[in-house]
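Worksheet: the structure to be examined is printed underneath.
Protein chains: 2
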Amino acid sequence: MQKPARERILDASHELMRTIGLARTTTKEIARAADCSEAALYKHFASKEELFVAVLKERLPELGPLLHRLTADPGDRSVEENLTEIARQAVHFYAESFPIAASLYAETRLKRRHDDSMREMGTGPHTPIEGLDTYLRSEREAGRVSPGADTFAAASLLLGACAQRAFAYDSTIGKEPPQPVDEFAAALARTLLNGISRPASDRSR
Amino acid sequence: MQKPARERILDASHELMRTIGLARTTTKEIARAADCSEAALYKHFASKEELFVAVLKERLPELGPLLHRLTADPGDRSVEENLTEIARQAVHFYAESFPIAASLYAETRLKRRHDDSMREMGTGPHTPIEGLDTYLRSEREAGRVSPGADTFAAASLLLGACAQRAFAYDSTIGKEPPQPVDEFAAALARTLLNGISRPASDRSR
DNA sequence: CCAGAGTGGGTGAGCGTTCACTCACCCGTC
DNA sequence: GACGGGTGAGTGAACGCTCACCCACTCTGG
């Protein structure tokens, strides 16, 4: 036996939730994947629901650190480079966490418990947006972003696009995605910065 | 009895899926809500899974019509007004359809069936993006959008933000949303059009 | 004209299966 | 000898689904 059983159980649950879905992730399947008995699950977790809450709390990745780092120290990269990097990370983050987070909608009881535990920790699905909002505000104060910019709207746009990609294009599994991640991220950052309206100086044409 | 049983069953299933979640929507609950026997369900649908597929196909709203209408005839409203209206509709669309669509991730078998039936109909979660992309391209050709604009990125940004709002802020039920829908939609459209970078003419300050 | 067969929509009871969970018991380590 | 960590064999409940049967209505042949 390699890792301690608790870790193996969490890993196995996480993997099953991602692949066969929350509903089909039964105690029997978890036990088989974690190479232990069903009874062993209950030595480590009081109930299946508590096991799931633990998976959500201990296995889902976070986007916060990157955003905090950039806010604290924007570095010498341009805003566009920073936004591109954020978009790249966000695409990965949502691709990994979205399927599991989404499946909570099938079990509203479990979802409520998870929401509560999130609220206690002062976090939730809205915190990446607020983190990016904060970063953009600091760039605005540094004069690297337009003074009139709506930073919350901008944060919603960028992260929304990344999250949407996770579920709008996973049904097309097998086919390649419409655009490589790097290209997609760069296009988002560029478009968000420049806007799409015809420049005023160009209106006469 | 009012409406035909088939309709009552579809309505009841739809309502239950929204409120208590896909997993807790059992045949017994559906029968009770539709005011008929469990056996009656199977007179109208071959299996529970087929019933769900029917609900998804016949009860989920669509965003396509608005987008096609605007593409065919942009009308005399400005691009910003049109984008604001699209964002408003999209927020409602996603708020209604997202919880159910998301819960499919809990049942990957069912999700695959739904994906297949979507593919046959030539539609899916990516079609609103493509529809908006088409609309923006037509505006670009009409010269009302910057020639260099990446219309796909822009479409991803706008609709992504609307979809994200549906799940990033529904765990905060009880509290009011961070921003009224109309205001949010207007801010998104404005930000997307103008961008957030400091204007070139302003770089000297 | 009308007996009677067929049909669409409905039911109550209950089938087999699977689920989350428990219990009595076991074994190596302080 | 207490105890943390593990097991195999269950348990009751809940699930999706089926079965035999029922009723109201429509069609049809003598």
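These protein sequences, in sequence, are chains X and D.
Residue 147 in the numbering used here is what sits at position 147 of the first sequence, and the numbering runs on without skipping anything.
Just so we're on the same page, the numbering used here is the position in the second sequence counted from 1, plus 205.
Yeah, the Cβ is synthetic: ideal placement off N, Cα and C, and Gly gets one too.
CA-to-CA distance, Asp-240/D to Met-206/D, given in whole angstroms | Note on Met-206/D: pLDDT 48, under 50, position unreliable in the model; the coordinate value appears next. Approximately 9 Å between the Cα atoms of the pair.
Contacts that Leu-271/D makes with chain X (C-beta to C-beta distance below 8 Å) | What Leu-271/D touches in chain X: nothing, since even the nearest Cβ is about 18 Å away.
Residue-chain proximity (Ser-218/D, chain X), Cβ-Cβ < 8 Å | no
Give every residue of the same chain whose Cβ lies closer than 6 Å to the Cβ of Leu-56/X, excluding the five residues on either side of it in the sequence, and list them in chain order.
-> His-114
Closer than 8 Å to chain X by CB, Ala-366/D | yes
Give the straight-line distance between the Cα atoms of Pro-209/D and Lys-3/X, rounded to the nearest whole angstrom.
-> 58 Å
For Glu-301/D and chain X, any beta-carbon pair shorter than 8 Å?
-> no
Interface partners of Tyr-310/D on chain X, CB under 7 Å | Gly-21, Pro-99, Ala-102 and Ser-103
Please decide whether Asp-133/X counts as near chain D, where near means a Cβ-Cβ distance under 8 Å.
-> no
Can you tell me the Cα-Cα spacing of Leu-337/D and Ala-245/D, whole angstroms?
-> 42 Å
Which value, in whole angstroms, describes the spacing of the CA atoms of Leu-51/X and Arg-324/D?
-> 36 Å
Output the boundary residues of the alpha helix (DSSP H) element that contains Asp-152/D.
-> The structure shown does not extend to residue 152/D, since chain D spans only 206 to 410, so no value can be given for it.
Who are the Cβ neighbours of Ala-359/D in its own chain at under 7 Å, not counting the five residues just before and after it?
-> Leu-341 and Leu-397
Mind checking if Pro-199/X is an interface residue toward chain D, Cβ cutoff 8 Å exclusive?
-> yes
Min CB distance Arg-212/X to chain D below 8 Å = Absent from the structure is residue 212/X, since the part of chain X shown begins at 1 and ends at 205.
Considering Pro-209/D, what are the terminal residues of the alpha helix (DSSP H) in which it resides?
-> It is not in any alpha helix (DSSP H) - Pro-209/D carries neither H nor E in the DSSP assignment.
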